[in-house]
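With the sequence shown counted from 1, adding 4 to any position gets you full-length UniProt numbering.
Cβ coordinates follow ideal geometry from the N, Cα and C atoms, glycine included.
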Amino acid sequence: EIKSLEEIFEAKIARDEKIEPKDWMPEKYRQTHIRQISQHAHSEIVGMLPEGNWITRAPSLKRKVALLAKIQDEAGHGLYLYSACETLGISRDELYEQLHSGKAKYSSIFNYPTLTWADMGAVGWLVDGAAIINQVPLCATSYGPYARAMVRVCKEESFHQRQGFQIMMTLAEGTPEQKEMAQDALNRWWFPALMMLGPTDDASVHTAQSMKWKLKRKTNDELRQQFVDQTVPQAEMIGLTIPDPNLKWNPETKHYEFSELDWEEFWQVVKGHGPCNKMRLDARRNAWNNGEWVRNAAMAYAEKQENREVK
Ligand code: ACO
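Here it is as C-alpha cells:
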C-alpha cells in the first residue's frame with residue numbers, strides 16, 4: 005500500500021514521533037512553527053531588557069552574579085530558538101528584520117516596566133514561573149528541534165524561577181518597607197503574568213490546529229489555571245496577597261477561581277501600545293545598529309582568511 009506524504013506525516017504525529025527538518029511537512033505546519041518559534045525567540049531576547057535595567061543596581065555581589073547569569077541564559081535560549089527556527093527555511097537576518105521592523109510579535113509581558121528591585125523577584129517568580137508552565141509541555145511538542153531546545157531551556161527556567169522566588173521571600177521577611185515593595189511588585193505583575201499565557205481558548209485562533217499537530221499539548225486556559233493553582237500557595241507561604249478580590253478555592257473542582265482578565269489591556273500591549281513597547285524596540289534596533297561594525301569586521305576577517313587559504 006502506497007501512502008501519500010500527508011498520510012506518512014499524519015501517522016507520525018499520531019504515533020508521537022518527531023517531525024525533523026528534512027521530513028515532508030504541510031506548508032501550514034511549517035509556517036505556524038516559524039510563527040511560534042520566532043515569537044518565542046524574540047521574547048527571550050527582548051526579555052533580557054527589563055532585567056538588564058537592574059544589573060548595575062543589584063543590592064549585593066551575589067544577587068548581581070545570579071541576575072547576570074539568568075539574563076545570559078535568556079540570550080542562550082533566544083539563540084537556540086533562532087537556530088531551531090532556521091531549520092524551517094527562514095534566515096536569521098529575516099527573523100531580525102521582522103523584529104526590528106515591528107512586524108513580529110514577542111511576549112506582551114516584556115512591555116511592562118521594572119520599577120524596583122522587587123520586580124526582579126516578581127519577574128523571576130511569576131514570569132519565568134509562567135514560562136515554565138508553558139514550556140514543559142513544549143518538551144513534548146511534535147517538531148524535533150523545538151522539543152529538544154525546550155528540555156534545556158526548562159532546566160534553566162527552573163533556576164530563574166527559584167532565584168526570583170528567593171528574592172521575594174527575602175524581601176517579604178525583611179523590614180515593613182521591603183515587604184511592601186514585594187507586595188507592590190506582585191500587585192503590578194500578577195495580571196500581566198496571567199495574560200502572558202495568551203487569550204482565552206475561545207478567543208485563541210491557533211489553539212485548535214496547534215493541538216491537532218501536537219505543537220501545543222495544553223491550551224492557554226489549561227496552562228493559566230495550572231499557573232494560578234501552583235502560585236497561590238507560594239504567595240501564601242511568604243505572606244503576600246494575590247491582588248484579586250475574586251480569587252477563591254473551589255473544593256469541588258479543586259481549582260482556584262479568579263477574575264476575568266482585562267483583555268482590552270492585553271490586546272493594546274500586543275498591538276504595540278503597552279507602557280514600554282517603544283523603548284524595547286528602540287533598544288533592540290540600537291543594539292543591532294551599534295553592532296554593525298562588529299559584523300563588518302567579522303566578515304572582513306573571514307574574507308581575509310579565505311583568501312589566505314587559496315594561496
Ligand atoms: N504576547 C504577545 N502576543 C501573544 C501573546 C502574548 N502573551 N499570546 C498570544 N499572542 C498572540 C499570538 O502570537 C497570536 O498572534 P499571531 O496570529 O499574529 O501570531 C494571537 O495572539 C492569538 O493567540 P493564540 O491563537 O493563542 O496563539 P498561539 O496558539 O501561538 O498561543 C502562546 C500563544 C501560548 C504564547 C504560544 O505561542 C506559545 O506557547 N509560545 C511559545 C512560548 C513563548 O513564546 N513564550 C514567550 C514568553 S516566555 C519567555 O520568553 C521567558
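Coarse secondary structure for residue i, derived from DSSP in three states
i: K252; result: strand
i: residue 1; result: Outside the displayed range of the chain (5 to 315) lies residue 1, so it cannot be described from this structure.
i: E310; result: helix
i: Y260; result: strand
i: Y116; result: coil
i: Y110; result: coil
i: T211; result: helix
i: G93; result: coil
i: R221; result: coil
i: L103; result: helix
i: V273; result: helix
i: K282; result: helix
i: I136; result: helix
i: W267; result: helix
i: E240; result: helix
i: G125; result: helix
i: P141; result: helix
i: T235; result: helix
i: K7; result: coil
Member of the options whose CA lies at the smallest distance from the CA of residue i
i: L251; options: W271, N300, Q229, M303; result: Q229
i: E184; options: E21, P149, L244, G148; result: L244
i: E90; options: W58, Q40, N57; result: Q40
i: A144; options: E14, M154, M172; result: M154
i: W49; options: R61, Q182, A287; result: At residue 49 the sequence reads Ile, which differs from the Trp that was named. If we check each option's Cα against that of I49, A287 comes out closest.
i: E264; options: W194, Q76, M303; result: W194
i: S112; options: A197, N311, D206; result: A197
i: L130; options: Q170, A108, G106; result: Q170
i: E55; options: P117, T204, P237; result: P117
i: A134; options: A108, E161, L119; result: E161
i: W267; options: E261, M303, M200; result: M200
i: G106; options: V209, V298, N294, V273; result: V273
i: A215; options: M124, I17, Q76; result: According to the sequence provided, residue 215 is Met. The question's Ala does not apply to it. It is I17 whose Cα lies nearest to the Cα of M215.
i: L71; options: V209, D123, E10; result: D123
i: A207; options: A108, K275, F262, W271; result: W271
Bridge partners - residue i, DSSP secondary structure assignment
i: Y86; result: In DSSP, Y86 forms no bridge with anything.
i: Y147; result: I23
Contact belief for residue i with residue j at Cβ below 8 Å, rounded distance in angstroms
i: L219; j: H44; result: Contact flag wrong, Cβ pair sits at about 11 Å.
i: G168; j: D132; result: 6 Å
i: G88; j: Y150; result: It should be pointed out that residue 88 corresponds to Ala in this sequence rather than to Gly. Indeed they touch by this definition, with Cβ atoms about 5 Å apart.
i: I137; j: F231; result: 5 Å
i: H46; j: Y110; result: 4 Å
i: V140; j: H81; result: About 14 Å separates the two Cβ atoms, so there is no contact after all.
i: L227; j: A126; result: Contact flag wrong, Cβ pair sits at about 19 Å.
i: residue 353; j: V236; result: The shown model of the chain, from 5 to 315, leaves out residue 353, and the question about it has no answer.
i: R284; j: N115; result: 6 Å
*Could you pull out every unbroken alpha helix (DSSP H) segment of at least 4 residues lying fully inside the region 11 to 80, listed in chain order?*
Segments of the alpha helix (DSSP H) lying fully in the region 11 to 80: 31 to 50, 52 to 56.
_Ignoring anything shorter than 4 residues, give me the alpha helix (DSSP H) runs that lie fully in the region 172 to 203, in order along the chain._
Taking only runs of at least 4 residues, the alpha helix (DSSP H) segments lying wholly in the region 172 to 203 are 180 to 199.
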